[in-house]
Amino acid sequence: VLEQFLQKGRVAALLWEVCQQPAQPGAPELQEALLSRVACLPDHVSNQLQGKSPPVFFPQNYFPLLGGAVIEVLQKISDSLRGGLDCSISFVSHILGKVCVHGRQKEILSVLVPHLTELTQSDCIWQRICWRLVECVPERWMEAVLLGFVQRAPGADVLSRLLGNLVVKNKKAQFVLTQKVLLLQYGHKTAVLQNLLGYLSLDPLRRSLLIQVLQELLETWGSSSAVKHSPAEQQQYISKAILICLSHLKESEIESCRQELLTSMMEGVKCHLDSNLPCVRRLGMIVAESISLKINTEGPVLKFQVRGSMKFMSAVQGLEERKVLKHMIQDVIAKLLSRVIPRTSRGTLSGWASAVLADARAVVDDDLIPYDMSEDKELTAKAPLYLRDCIEVLTGCEDVDKWEATVKALEGLIRRNPAAAREVKHVELAKILLHLEEKTCMEGFAALRQRAQVAVLTTDPIPVAQYLTSQFYSLNYSLRQRVDILDVLVLAAQELSCPKSHGNTKHSVAPKPGIQLLPGSDSSKDWRRIVDERIKSKTRRIATGQAQVEPAASPNEFNSVAGHFFFPLIQHFDRPLTTFDLLGEDHFVLGRLVHTLAILMYLAVNTVAVTAMGKALLEFVWTLRFHTDCYVRQGLLSCVSSLLLSVPAERLLEDMTEELLEAQSWLGDVVEKDPDGDCRRLALQNLLLLENLKKKL
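With the first letter of the sequence shown counted as 1, position 164 gets the number 164 in full-length UniProt numbering; the numbers rise by one all the way through.
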């Protein structure tokens, strides 16, 4: 009976009858019972039939049918209003609200929105009916209905016709559309933001809300606390909303809030550039450029070199290097001009051009035969052959070509003859390389210097590692130099922990001995093919051998020096210096330090000091586990992963049982509560490692 009731369209007749009934005693109870049955009919039927419902009661079939019934009832309401008769729309609004709050927005609104879009296009009565339909939705269901309309409206103009000025009249609707969707949620698509903000901009009564929304978005965007504690996805969502709001502002509105926009821009771009995440810094630059372009239409605008592949390091790379380079270029150009341009004609460009042309004519007039320079070769400076000579060139030589040749040859000199290299004080050479600055625009200078530092450290690990780790916490070093120290330690540790391939032990497949046949002989090819086929047919293979020769075993050179790399770095992190505070504003270097410790811990697997390193690292992680910067927290979680992978399972459960139990509880909280997605992923990975560890033992 119910199936026939639905198929014959009696739902529309039921809804229309309720809309026509005047208020009577007992009517609310009856309407509430009907509301529950109509909005939740698939659930009721499925519960009674234990999942064996007819197809018409499937949600994907029932709710579009209900949407069609709602359109029929609204059509009758329209006809009644045109005929001068009164009727109520509240029951239909309740049906719509309850269906949407139960998560069936897509099914019912996929029918309602297209029909209402077409019907409200040129009919003011239909527009009033649609506005009233949404206004009569109870507040507890308003959010679900509004989100459904905003998500499925084909454009801002259509949304404006469907909702009218509801956002101005209804406080709940205003909170949902101007606060919750924009500031508390961030999972909606860009089209939703365009619909919503475009809707606010299309009516004079709503434009004040648009400006208010922009101010609140900029306040959140410029909050250092929000930048630190909110995930990158939410910051991207807010940045999109700001850019869309700016595109809707008129010139008069920009003029009225120009100073506020400027202040918000300066505060926000500083917070974003202080972040350790490249994506957050890039967002800050993009939004700041857009705001600057809007508020400075005639004057200079803020411009960053924002590229998708650029790695921004605002905490490390300051503007001082660019200023020095700029002044250097200006000085070089001034010297060249003073030599080339004659003094008599230096005042104007035309005078200089005439002088150059005169010199050119004089050269052409002279009947001089040019030299043949086709076989000339560029003279290159000879690189030093001994490390002592390299040190002299790097510290006091003014010959630029010789200096460049020395930088290029330094790594090779150190690695070719380690015994001779040990005669030189490696700490002195490491000190020179750490303070070495680029004298010329030499291509690949940073990489050459880093490789030379790694070569020095791997040749004489203990004294050089002690020097570098002590300098990391010393005064008068830039952040760039401190990060360089960490990079060199990691690369050297990786090289020391890998097996060496000595000169003569090359694991390449040697050619098989055989008769050398003359090339180009067809008979020789046929002969070889016939022999190979016979051998193959008569050969019985029991097992196949190894395809490649295993590399020769060699001692782990990192075993005896791991502690010298690790423990000095972990000792003084909580002692602030005058120009260096890891727990303060230099949190970027703290993040790099934490990631470095994680790598060193991972490379120390199977070493003698690995258990002591694991204990110290776990205490270090426990101290900083609530750090506000997500880059630092990611490094701490990587430390836990390295610890679980490197320290033997028996030592973990015997020597660090209590610490691991506390860490497990902390990791569970990170998985549930941390705003950063990478932190949650790493914490979940660590929990899985702990579970595997327990199963293994």
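Positions of the beta carbon are idealized from the N, C-alpha and C atoms, including for glycine.
Please state whether DSSP places residue i in a helix, a strand or coil.
{"i": "I89", "result": "coil"}
{"i": "A1", "result": "What sits at residue 1 in the sequence shown is Val, not Ala. Reduced to three states, the DSSP call for V1 is coil."}
{"i": "N61", "result": "helix"}
{"i": "K694", "result": "helix"}
{"i": "Y602", "result": "helix"}
{"i": "P384", "result": "coil"}
{"i": "V589", "result": "helix"}
{"i": "A614", "result": "In the sequence under discussion, the amino acid at residue 614 is Gly, which differs from the Ala named in the question. DSSP places G614 in helix when its eight states are reduced to three."}
{"i": "V269", "result": "helix"}
{"i": "K240", "result": "helix"}
{"i": "R82", "result": "helix"}
{"i": "L582", "result": "coil"}
{"i": "L577", "result": "coil"}
{"i": "D532", "result": "helix"}
{"i": "F304", "result": "coil"}
{"i": "S247", "result": "helix"}
{"i": "N686", "result": "helix"}
{"i": "T263", "result": "helix"}
{"i": "A13", "result": "helix"}
{"i": "F626", "result": "coil"}
{"i": "E557", "result": "coil"}
{"i": "R681", "result": "helix"}
{"i": "H595", "result": "helix"}
{"i": "T102", "result": "A small fix is needed here, since residue 102 is His in this sequence, not Thr. Three-state result, H102: coil."}
{"i": "T344", "result": "Bear in mind that the predicted position of T344 carries a pLDDT of just 40, short of 50, making it unreliable; the figure below should be weighed with that in mind. Three-state DSSP puts T344 in a helix."}
{"i": "A69", "result": "helix"}
{"i": "P278", "result": "helix"}
{"i": "N47", "result": "helix"}
{"i": "H572", "result": "coil"}
{"i": "L41", "result": "helix"}
{"i": "L6", "result": "helix"}
Among the options, which one has its Cα closest to the Cα of residue i?
{"i": "D655", "options": "L618, K673, R625", "result": "L618"}
{"i": "L277", "options": "Y186, S230, T578", "result": "S230"}
{"i": "V287", "options": "L302, V400, F620", "result": "L302"}
{"i": "G284", "options": "H435, L243, R140", "result": "L243"}
{"i": "L491", "options": "Y386, I570, K294, F565", "result": "F565"}
{"i": "I295", "options": "A465, S256, S275", "result": "S256"}
{"i": "V18", "options": "P138, V73, K673", "result": "V73"}
{"i": "Y62", "options": "P648, V11, P28", "result": "V11"}
{"i": "Q234", "options": "P675, L81, L687", "result": "P675"}
{"i": "F58", "options": "C679, L457, G614, P42", "result": "P42"}
{"i": "F175", "options": "L162, E143, L193", "result": "E143"}
{"i": "E219", "options": "V605, E404, M266", "result": "M266"}
{"i": "A683", "options": "W666, R651, L262", "result": "W666"}
{"i": "L489", "options": "S474, F558, M442", "result": "F558"}
{"i": "L653", "options": "M442, L433, L690, V227", "result": "L690"}
{"i": "L96", "options": "R128, P114, V145", "result": "V145"}
{"i": "S247", "options": "S497, V456, Q194, H102", "result": "Q194"}
{"i": "G84", "options": "S90, F91, K76", "result": "K76"}
{"i": "R140", "options": "D123, G51, H102, K106", "result": "H102"}
{"i": "V38", "options": "P54, I211, F5, R480", "result": "F5"}
{"i": "L569", "options": "T263, V483, I254, F445", "result": "V483"}
{"i": "L183", "options": "W16, E216, Q151", "result": "E216"}
{"i": "D663", "options": "L479, E650, L643, G677", "result": "For clarity, residue 663 is Ala in the given sequence; the question names Asp instead. Taking only the C-alpha atoms, the option nearest A663 is L643."}
{"i": "Q20", "options": "L66, A33, F91", "result": "F91"}
{"i": "G67", "options": "L436, R104, V45, H44", "result": "R104"}
{"i": "T578", "options": "E495, V594, Y473, E650", "result": "Y473"}
{"i": "K180", "options": "L159, P54, V213, G198", "result": "V213"}
{"i": "D274", "options": "Q259, K228, L249, S292", "result": "K228"}
{"i": "E3", "options": "D401, P55, A493", "result": "P55"}
{"i": "V670", "options": "E650, R633, T657, N692", "result": "R633"}
Would you check if there are 3 or more beta carbon pairs closer than 8 Å linking the region 231 to 240 to the region 196 to 207? no
In chain order, which continuous runs of the beta strand (DSSP E) of length 3 or greater are located wholly inside the region 150 to 225? none
Taking three-plus beta-carbon pairs below 8 Å as touching, is the region 186 to 204 in contact with the region 219 to 229? no
Three or more C-beta pairs below 8 Å linking the region 583 to 603 and the region 634 to 653: yes
I'd like the ranges of any beta strand (DSSP E) spanning at least 3 consecutive residues and lying wholly in the region 438 to 477. none
Using a Cβ distance threshold of 8 Å, determine whether the region 456 to 465 contacts the region 559 to 576, with at least three qualifying pairs required. yes
Tell me, please, whether the region 159 to 170 touches the region 124 to 138 by the rule of three or more beta-carbon pairs shorter than 8 Å. yes
At 3 residues or longer, and completely inside the region 652 to 679: list those beta strand (DSSP E) runs for me, N to C. none
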